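Here is the structure we will look at.
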Amino acid sequence: MLAAKTAVAVVLLTAGGAKLADLAGFAATIRLFLPAWLPTRLPASARHGAIAIAAAELLAGAMSLCWPDLAWVNLAVLALSAGVVIAAGLGFARHRGQPCHCFGALTSRGFGLVGLLRAMAIAVAAAVACVPLWPAPQLHLAPAFHVLLLAGAALLAAAAAAAAKALLAQPGSAGTAA
Amino acid sequence: MSWAIAFTVCGAVMCVAAVLAVLSLGQVRLSGSAAIERDGLATGVRAPVWSLPDSAGVVHTSPPALPLQLVVFADHSLKSFPAVAEGLRELLASGAAVEIVMLLKQPNPIAEPVLAELGLRAVSVLTGSPRLYADYNVRVGPFLIFVDSAGRVRSSSLVNHSWQVAKLHQLACLPVAAAQR
Numbered sequence: 303m304l305a306a307k308t309a310v311a312v313v314l315l316t317a318g319g320a321k322l323a324d325l326a327g328f329a330a331t332i333r334l335f336l337p338a339w340l341p342t343r344l345p346a347s348a349r350h351g352a353i354a355i356a357a358a359e360l361l362a363g364a365m366s367l368c369w370p371d372l373a374w375v376n377l378a379v380l381a382l383s384a385g386v387v388i389a390a391g392l393g394f395a396r397h398r399g400q401p402c403h404c405f406g407a408l409t410s411r412g413f414g415l416v417g418l419l420r421a422m423a424i425a426v427a428a429a430v431a432c433v434p435l436w437p438a439p440q441l442h443l444a445p446a447f448h449v450l451l452l453a454g455a456a457l458l459a460a461a462a463a464a465a466a467k468a469l470l471a472q473p474g475s476a477g478t479a480a
Numbered sequence: 004m005s006w007a008i009a010f011t012v013c014g015a016v017m018c019v020a021a022v023l024a025v026l027s028l029g030q031v032r033l034s035g036s037a038a039i040e041r042d043g044l045a046t047g048v049r050a051p052v053w054s055l056p057d058s059a060g061v062v063h064t065s066p067p068a069l070p071l072q073l074v075v076f077a078d079h080s081l082k083s084f085p086a087v088a089e090g091l092r093e094l095l096a097s098g099a100a101v102e103i104v105m106l107l108k109q110p111n112p113i114a115e116p117v118l119a120e121l122g123l124r125a126v127s128v129l130t131g132s133p134r135l136y137a138d139y140n141v142r143v144g145p146f147l148i149f150v151d152s153a154g155r156v157r158s159s160s161l162v163n164h165s166w167q168v169a170k171l172h173q174l175a176c177l178p179v180a181a182a183q184r
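Same order as they appear, the protein sequences are chains B and Y. Each residue of the first sequence is one higher than the one before, counting from 303 in this note's numbering. Each residue of the second sequence is one higher than the one before, counting from 4 in this note's numbering.
So this is what it looks like as structure tokens:
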């Protein structure tokens, strides 16, 4: 359960960091799911949505990793993962092959069966992390551990953003310059 | 407390593993042959601005005074690419209004004699730097970049054949909007 929780947190941090480096690309993906009239009335809606989702992933990943004793964070991560499965499913059904930018420029894979299965695996891991154990493990971390894990989370998000940005800077890359 | 330590160790190890995985992924994708094919600068973007003297002390600048400047990223190893040298000779012979300069990554005393041997005496040899190569996003040569007098990249590619030189020149002569399509 703890391994599943950590793995999902690491995936969220990587995805959030990489998305922040390619907000324009991820906003283009969001536009695929918006009703046609919305970008006309609110031109920045997709970009704001991209920022919100990337920030939510980073926040959920960091909270899940650094404050493992907060049970509600597990539910928030599960809800986020369920949203990813729904988006992957809709993308698979309606926009197959279109770049999903789920991991920014780190992957050029488009919506497809592999992406849907990956999203489902993440959701299953998030669900496993929600299962209460008996006796409940004592996960109240010492302040030094919080700091260590927070530093690890920040390092991972920064590395994902830097790698995504480097890949994005290449001419002809799958991403879109922000 | 033991659970807390186990979780912290597990979390820290996973973070480090993920950082290494992400950086390795980036490294692999940036150093692969597909990535090297995409080296250089996209058409229409601003090229680096510089001013460098050749061996005779004549200062060459980019953006150029002529309508087009061909920056050749190579060194004495151009001798191993006779077809590219032939393409450059053909471009010089065509009388096109193009300034051709060879930009070295580091000082190379044999580059100029080799160019003379290849019949490319008209090509100015300039000593650049690894930093300047990085600014042009060039890692492997011979690489050609055409820059216009406004300082914009008009075409760029890794080259192996003489026809590629001619084709790049043709692309460089197109309006920027058409070349970007």
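All C-beta atoms, glycine included, are put in the ideal place defined by N, C-alpha and C. Bear in mind that the values here come from a model prediction, so they are computed numbers and not experimental data.
Interface residue (Cβ-Cβ distance to chain Y less than 7 Å): Ala-465(B) is classified as such.
Collapsing the DSSP output to three states places Trp-53(Y) in a strand. From the beta-carbon of Arg-157(Y), no residue of chain B is found nearer than 8 Å; the closest lies around 14 Å away. Listed along the chain, the chain B residues whose CB falls inside 9 Å of the CB of Arg-142(Y) amount to none; the nearest CB is some 11 Å away. The Cβ-Cβ distance between Ala-329(B) and Ala-348(B) falls below 7 Å. Think of a sphere of 8 Å around the beta carbon of Leu-443(B): the chain Y residues whose beta carbon falls inside it are Ala-7, Phe-10 and Thr-11, in chain order.
For Arg-32(Y), the chain B residues whose Cβ falls inside 8 Å of its Cβ are Leu-469, in order along the chain. Distance from the CA atom of Leu-322(B) to the CA atom of Val-310(B), rounded to whole angstroms, is 18 Å. Within the model, the alpha-carbon separation for Ile-113(Y) versus Gly-35(Y) is close to 30 Å.
With a threshold of 7 Å between beta carbons, Gly-98(Y) makes no contact with chain B. Exposed is the label assigned to Ser-5(Y), since fewer than 16 other Cβ atoms lie within 10 Å of its Cβ.
The straight-line gap separating the alpha-carbon atoms of Val-430(B) and Asp-151(Y) is approximately 59 Å.
If the five residues before and after Val-386(B) are omitted, its C-beta is found closer than 8 Å to the C-beta atoms of Cys-404, Ala-421, Ile-424 and Ala-425, all from its own chain and listed in chain order. For Ala-15(Y), the residues of chain B that pass the 7 Å Cβ criterion are Leu-450, Leu-451 and Gly-454, in the order they occur in the chain. Per the coordinates, the alpha-carbon of Leu-380(B) lies some 5 Å from the alpha-carbon of Ala-428(B). Apart from sequence neighbours up to five positions away, the residues of its chain that approach Met-365(B) with a beta-carbon distance below 7 Å are Leu-372 and Val-375, ordered along the chain. For Phe-146(Y), the enclosing beta strand (DSSP E) stretches over residues 146–151. For the pair Cys-368(B) and Leu-452(B), the CB atoms are nearer than the 7 Å cut-off. Neighbours of Cys-18(Y) in chain B, taken as residues whose beta carbon is under 7 Å from its own, are Val-312, Gly-454, Ala-455, Leu-457 and Leu-458 in chain order.
If you keep only unbroken alpha helix (DSSP H) runs of at least 4 residues inside the region 316–355 of chain B, you get 325–335 and 339–343.
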